[in-house]
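Quick note on numbering: my numbering labels position 197 of the sequence shown as 188, and the sequence is numbered without any gaps.
Remarks on the structure that follows.
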Amino acid sequence: MSKIVDLTHTFKENMPVYPGDTPPELYQTRDLAKNGYTYFQLNSGMHVGTHIDAPLHMIADGQRIDSVSPEKFIGRGVIVDARGVKIITADLFKEKIIKAGDIVLVFTGFSDKYDDPHYFTDFPVIDENFAKKMVELGIKMLGTDTPSPDKEPYNVHKILLGHNVLIIENLTNLGELLEINDFEVIALPVKIDAEAALARVIARYEN
């Protein structure tokens, strides 16, 4: 029997956003009792909550998220335990078997601070050699339970997206996968003509 782990933060009013980004607006415009149906309106940027970055986010003439093949969003998952580490290096996955087409998830435990203002300023980052190794290995996507894999000047973003490795940001519940040796990641973004998209991300394994 399959077990599902939801790796997605709930999108809601007053959710935290990256400093400088416009907070999303999620509000009800129709009421079932008054109007005969319920209707919610959403005004939001693409980099709020759990989302996927496509190459256009950092690469001139890069792919938009709607043009990425759906095959890219599903793959074998590999988790890298990076708890307690401020700079995440390639040494952390030397014991892992990472294959072309895998989706690598970096578990820092930082999603526990999601509602803390420090979540967007003090998060651990991935170094450039880690990103280059991911490109060399041919992975599909790299996900992290932080707001970003790096900080300005965003070289890790540019390395990954420049080689069509998509980036999943603001994941949660990665700790539930630490003891799971074989799992699949399904990370489905909204099909939108943009540089990124809100996404529902799950992991699935046989219980």
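By construction, the Cβ of each residue, glycine as well, lies at the ideal position given by its N, Cα and C atoms.
Small disclaimer: the values here were computed from a predicted structure and weren't measured.
Exercise. Express the C-alpha separation of Thr112 and Asp141 in angstroms, rounding to a whole number.
Key: 11 Å
* DSSP beta-bridge partners of Gly66 -> Val176
Would the stretch 174 to 189 and the stretch 50 to 65 be scored as touching if the rule is three or more Cβ pairs under 8 Å? yes
Self-check item: Boundaries of the beta strand (DSSP E) in which Ile50 is found, first to last residue
Solution: Run containing Ile50: none; DSSP gives neither H nor E here.
Inset, instruction - Determine the direct distance from the alpha carbon of Gly134 to that of Pro108, and round the result to whole angstroms. - result: 21 Å
request  = Determine the closest residue to Leu168 out of Asp118, Phe98, Ile117, Asp184, with distance taken between C-alpha atoms.
outcome  = Phe98
For this session: Within the same chain, show all residues whose beta-carbon is closer than 6 Å to that of Val8, passing over the 5 residues directly before and after it, in chain order.
Result: Pro14, Val39
Supposed contact pair Asn164 and Leu203 - C-beta distance, whole angstroms, cut 8 Å
Outside the shown range of the chain (-8 to 198) lies residue 203, about which nothing can therefore be said.
Looking at C-alpha atoms only, which residue of Lys25, Met37, Asp184 is the closest neighbour of Glu16? Met37
>> If we require 3 or more residues per run, which beta strand (DSSP E) segments fall completely within the stretch 73 to 113?
In response: 94 to 98
What residues match up with Met132 in a beta bridge as DSSP calls it? Ile94, Leu157
Taking 8 Å as the cut-off, does the stretch 118 to 138 touch the stretch 71 to 91 (at least 3 CB pairs, one atom from each stretch)?
yes
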